[in-house]
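Heads up: the sequence shown is residues 1 to 411, going by full-length UniProt numbering.
Where is the CB? At the ideal position from N, CA and C, for every residue including glycine.
The structure presented is a predicted model; accordingly, all values stated were derived computationally and were not measured.
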Amino acid sequence: MLESRGLLKNRPGDEMKEIRKKFLSVVLLGGLSMIMNSEIFAIQKSYVKEVTKVYTNMIPMDIPVNLETTTGQPKYLDYVYIKSVDAPLRVDASTTAKIIKKYPFNTKFQLLEKVISKAGTEWYKVRNEDGNIGFISYRLVTLREFRFNKMMEKIDYLENFVNREIGEGKEIVATNTYVPNPYNTNLKWERDKYGTTLDQNGVGIYKGERIFIPDRSLVAIESETKDKAFVKVASLKESPLEVDKKILTEYPKFDPNFRKVIVIDIKNQNQGAFEKKDGQWELISYAYNKTGMESQVGFDTPRGYFLVPMAKYEMGYRNEQGKNQGYAKYAIRFSGGGYIHGTPINFEEDINREFFMEQKNGILGTVPGTRKCIRNVEPHAEFLFNWVTGGKVNPRSNEQRPDENVLFIVF
């Protein structure tokens, strides 16, 4: 074969033998390499039976995007985080596959695929911080993703609600039932059928049933008597609810042409801010967050549609004994004592503030854990604060007013 291709013509004997030896070595090594690579490929694919979903880590093409900040912008849009103490990342979707590395609680991986192994178990194909690809069992992690289309659906629902109710000649206002209780005394833990507590909220009556309406909820007034109003709550199917007129407020005056909305996804612990420009809603920022969890002095973050009444440069908070504990910057109130705000810092942590902020920011986008509020990284909370106030602030006051209507949607 070599002679026929002219590779060995007119060569001395020893040189010809050496060339033949090297050529054969290359052929043999190349063949062996191909065999080994095919075997590795077979091993890597052998445990995966089916890919059930592919994740792109991209904002959907049908979502208009006009980002006004990248501060606090997440690295991953589709990801899993480790919920166990020590979790192995493997080269394939099997508990017998080689371990690439073990990772601690709260580690985040970019999500690539959801797969079913030949053993019938669910695995995630992920990329680690080094860019290496591996597989991890669904039992060891929790999936999180940004549902931008769902956020837009919620905005569409709100607009349709407003247009329908305004079109029928109804006035839209907000509920106003929050009374500050800094020492957390005599908290009202009564619940309705939806699990909403009475504390900080209002009472609506529907066919004799008590339903609790979260503070700052958007409602349409259907009819009124001297002391009562019958309202349609944007977040509830029961209608109308009978409420005391004193729990309704026209502050701030609702504008049906509202342009600013912050949408919170409790399940996925993330959010998006949207602004309407030239008749089109645009995504202007997105971030990981942490929402509320019921505790001795805390509540779940309420779901619903809320009208923002005010904001604060700094929001103080107390411990379980009612003593001043710390503060959070750039707080925007949306319901009851619930604010969206920057990273909270205890007073004793202030001496090493950056360290504690980094530690606390690392757990955003995982599990709930605040007392009701929605925690952001501080720079992103500052962006939202400036956006809500429109830069028109009173430097002599801690409390500020929105420059225009800002709506919160929590789902």
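Residue 166, enclosing alpha helix (DSSP H) - first and last residue: Where residue 166 is concerned, the enclosing alpha helix (DSSP H) stretches over 148-167.
Every unbroken alpha helix (DSSP H) within the stretch 240-304, with a cutoff of 4 residues, ordered by chain: none
Member of 197, 135 and 166 whose CA lies at the smallest distance from the CA of residue 96: 135
Three-pair Cβ contact test at 8 Å for the stretch 357-377 versus the stretch 386-400: no
Three-state secondary structure (DSSP) of residue 138: helix
Length of the line joining the Cα atoms of residue 68 and residue 380: 11 Å
Distance between residue 327 and residue 299 (C-alpha atoms, nearest Å): Each residue's Cα considered, the two are about 18 Å apart.
CB of residue 305 within 8 Å of CB of residue 198, strictly: no
First through last residue of the beta strand (DSSP E) which encompasses residue 89: 86-90
Presumed contact (8 Å Cβ cut-off) between residue 409 and residue 158, rounded CB distance: 6 Å
Alpha-carbon to alpha-carbon, residue 336 and residue 248: 14 Å
The stretch 194-214 / the stretch 122-142 touching (three or more Cβ pairs under 8 Å): no
Start-end ranges of the beta strand (DSSP E) lying completely within the stretch 103-131, minimum 3 residues: 108-117 and 122-127
Contact check, residue 243 vs residue 202, beta carbons under 8 Å: yes
CA-to-CA distance, residue 192 to residue 206, given in whole angstroms: 12 Å
Close-in-space but distant-in-sequence residues of the same chain around residue 324 (CB under 7 Å, 5 per side omitted): 316 and 318
Start-to-end residues for the beta strand (DSSP E) that takes in residue 357: Run containing residue 357: none in the beta strand (DSSP E); it sits in the alpha helix (DSSP H), 353-361.
Buried versus exposed call for residue 61 [16 or more other C-beta atoms within 10 Å across all chains shown]: exposed
Same chain only: Cβ atoms within 7 Å of residue 238, ignoring 5 sequence neighbours per side: 206 and 211
Residue 218 - partner residues in DSSP beta bridges: Looking at the DSSP assignment, residue 218 forms a beta bridge with 174.
Range of the contiguous beta strand (DSSP E) that encloses residue 324: 324-335
Reduced DSSP category for residue 389 - H, G, I as helix; E, B as strand; rest coil: helix
Within 8 Å, strictly: CB atoms of residue 108 and residue 138: No, these two residues do not count as a Cβ contact at 8 Å.
Boundaries (first-last residue) of the beta strand (DSSP E) holding residue 401: Where residue 401 is concerned, there is no enclosing beta strand (DSSP E), given that its DSSP letter is neither H nor E.
Residue from 255, 148 and 78 with nearest C-alpha to residue 407: 255
Euclidean distance between Cα positions of residue 263 and residue 155: Distance between the alpha carbons of residue 263 and residue 155 is about 8 Å.
Option in 181, 398, 51 and 404 with minimal Cα separation from residue 115: 51
Option nearest residue 273 by Cα separation, candidates 283, 228 and 265: 283
Residue 245, buried or exposed, once every other Cβ within 10 Å from all chains shown has been counted against 16: exposed
Residue 412 - DSSP class collapsed to helix/strand/coil: Outside the modelled stretch of the chain, which goes from 1 to 411, sits residue 412, for which no answer is possible.
Burial state of residue 394, where buried means 16 or more other Cβ atoms lie within 10 Å: When all chains shown are included, residue 394 counts as exposed.
Check whether residue 133 and residue 171 have beta carbons under 8 Å apart: no
Candidates 346, 344 and 334, of which the one nearest residue 216 by Cα: 334
Beta-carbon spacing of residue 290, residue 363 below 8 Å: A contact, by the Cβ cut-off of 8 Å.
The beta strand (DSSP E) enclosing residue 371, as first and last residue numbers: Neither: residue 371 is in no beta strand (DSSP E) and is coded neither H nor E.
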